[in-house]
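> Numbering (this note's numbering), first residue to last: 699 to 1102.
#1: Only counting the same chain, and skipping five residues up and downstream in sequence, which positions put a Cβ closer than 7 Å to that of residue 997?
#2: Please classify residue 843: does DSSP put it in a helix, a strand, or coil?
#3: Would you report the Cα separation of residue 965 and residue 972, rounded to the nearest angstrom?
#4: For residue 1082, I'd like the list of residues in its chain whose CB is within less than 7 Å of its CB, leaving aside the five on either flank, ordered along the chain.
#5: Buried or exposed: residue 846, going by 16 or more other Cβ atoms within 10 Å of its Cβ?
#6: Are the CB atoms of residue 1038 and residue 995 nearer to each other than 8 Å?
#7: For the ligand SAM, any of its heavy atoms closer than 7 Å to the Cβ of residue 894?
#8: Could you tell me the distance, in whole angstroms, from the CA atom of residue 738 to the CA atom of residue 761?
#9: Name the residue from 867, 882 and 989 whose alpha carbon lies nearest to the alpha carbon of residue 777.
#10: Have a look at residue 978 and residue 830 and give me their C-alpha separation to the nearest angstrom.
#11: With a 10 Å radius around its C-beta and 16 neighbouring C-beta atoms as the bar for buried, classify residue 885 as buried or exposed.
#12: Measure the alpha-carbon distance for residue 855 versus residue 986 and round it to whole angstroms.
#13: Counting only C-beta atoms, is residue 1090 closer than 8 Å to chain B at any point?
#14: So, for residue 825: in the same chain, excluding its five sequence neighbours on each side, which residues have a beta-carbon less than 7 Å away from its beta-carbon?
#15: Here's a check: name, in chain order, each residue in its chain whose Cβ is nearer than 6 Å to the Cβ of residue 781, leaving out the five neighbours to either side.
#16: Could you tell me which of 1057, 1017, 1089 and 1088 sits nearest to residue 767, measuring between CA atoms?
#17: Give the straight-line distance between the Cα atoms of residue 1052 and residue 934, rounded to the nearest whole angstrom.
#18: Among the candidates 918, 1098, 1025 and 1010, whose CA atom is the shortest distance from the CA of residue 772?
#19: With a CB to CB cut of under 8 Å and the five nearest residues on each side skipped, what residues in its chain are close to residue 872?
#20: Check whether the stretch 835-844 and the stretch 862-869 are in contact - that is, three or more C-beta pairs closer than 8 Å.
#21: Could you have a look at residue 1087 and say whether DSSP puts it in helix, strand or coil?
#22: Per DSSP, what are the beta-bridge partners of residue 1020 in this structure?
#23: Here's the rule I'm using: 16 or more other beta-carbon atoms within 10 Å means buried, otherwise exposed. How should residue 1098 be labelled?
#24: Tell me, which residues are paired with residue 998 by DSSP?
#25: Using the Cα positions of residue 754 and residue 764, report the straight-line distance between them to the nearest angstrom.
#26: May I ask you to report which of helix, strand or coil DSSP gives residue 876?
#27: Enumerate in chain order the residues of its own chain whose CB-to-CB distance from residue 1004 is below 7 Å, with the five nearest sequence positions on each side excluded.
#28: DSSP three-state label for residue 766, please.
#29: Can you give the Cα-Cα distance for residue 686 and residue 905, rounded to whole angstroms?
#30: By the 10 Å Cβ neighbour count, where 16 or more other Cβ atoms means buried, how is residue 787 classified, buried or exposed?
#31: Which class does residue 1027 belong to by DSSP, given the choice of helix, strand or coil?
#32: By how many angstroms is the C-alpha of residue 988 removed from the C-alpha of residue 921?
#33: Once DSSP output is grouped into helix, strand and coil, what is the label at residue 894?
#34: Express the C-alpha separation of residue 848 and residue 794 in angstroms, rounding to a whole number.
#35: Taking 8 Å as the threshold (C-beta atoms), are residue 1072 and residue 1022 in contact?
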């Protein structure tokens, strides 16, 4: 393109170097106009070629499922440079809006369970899709509580957080501690507690069972990955500091109490089929979204995990996080948790203000944003190209090819 541009400028600058006396007088007046027209035409043609080439270039590099791949942040830029451009209103905690999310989720769950009691069996897949998504709304409310963005009262955040996450058998306090670590070390190798990518040496050194499990969790069973994460991180006191143990034990005890007082009687009175129908399947639907959101928000062929010495906060939170568009009913039931970049810039933004925060980012930092649309192309890209992360080459690789 540079060569084409240079040649166009050269053509536009051509002069016919003849003695002025050899040129008829009637030509001397209009010639500058013709030259200007020639230059204008050549400039228009050149600009069109360059624009066409740039559009084609963007089309070639755009990864399936992504509508925009963000540019890296400039050197010297810090997180506060972005945060201070966000409107103050997005940080405001509104009790009415907060409790409105609770009302929406409880109403949605009640509607789903009511439908489950009367609907014929062939409608069950639709009802369970709805119920699993509505149950995810419980987690998102707890998510706000964990960041103290649900209420200005720490006590209210603790009580509500435990109340909404216990029915999911998800210990609130252990999750809160590890989740805040994720925010402090997003996409940092070893340190990020939301998830760590499998590495080529781990895959190569694993036995057949281990390799099969890796292929499954970064393949067709990606939607169950959060179950392993839930079991690994949230019930082991050894993963927490002594001063954290009191609250951690309270949340774990609440989950055991729910199992003993609710789930066990459900199993006894309704049998295994009733247990699966009334609790397990909605719970699995919740984990589908937990796994999917976690994977989609921070995974793309062009988004690397970084070593501690290479990592910087603004690069990870702004340009290393993905904004994904989902169907409106999913965003409604999940309280816009998919509008994820503002949340990573500041965890103090409540879920009901995330869209306003994103609108501000579009105005000020759009070129650095990663944007995707949830669907088959996006998940195919992630599950075929982002299987293993090669830290030496600083790139994602597939299970069966080492240079995606």
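C-beta atoms are modelled at their ideal positions from N, C-alpha and C, and glycine is treated no differently.
This is what the structure holds:
#1: 1080 and 1084
#2: helix
#3: 7 Å
#4: 1096
#5: buried
#6: Inclusion of residue 1038 and residue 995 in the CB contact set at 8 Å is warranted, their separation being smaller than that value.
#7: Ligands displayed in this structure: none; no statement on the ligand SAM is therefore possible.
#8: With a pLDDT of 47 at residue 738, under the threshold of 50, the modelled position of that residue is not reliable, and the figure given next carries that caveat. Using only the alpha carbons, I get a separation of about 36 Å.
#9: 882
#10: So the two alpha carbons sit approximately 10 Å from each other.
#11: buried
#12: 25 Å
#13: Of the protein chains in this structure there is only one, and it is not chain B.
#14: The residues are 810, 813, 814 and 817.
#15: 1043 and 1044
#16: Of the candidates 1057, 1017, 1089 and 1088, the one whose C-alpha sits nearest the C-alpha of residue 767 is 1017.
#17: When rounded, the distance between both Cα atoms is 33 Å.
#18: 1010
#19: 931, 932, 933, 937, 938, 946, 949 and 950
#20: yes
#21: The answer is strand: DSSP assigns residue 1087 an E or B state.
#22: 1068
#23: exposed
#24: 1001
#25: Any reading at residue 754 must be qualified, since the residue scores a pLDDT of 38, below 50, and its modelled position is unreliable; no value is offered.
#26: helix
#27: 885, 886 and 887
#28: strand
#29: The question about residue 686 has no answer here: the residues shown for the chain are numbered 699 through 1102.
#30: exposed
#31: helix
#32: Their Cα atoms are separated by approximately 8 Å.
#33: coil
#34: 10 Å
#35: For the pair residue 1022 and residue 1072, the CB atoms are nearer than the 8 Å cut-off.
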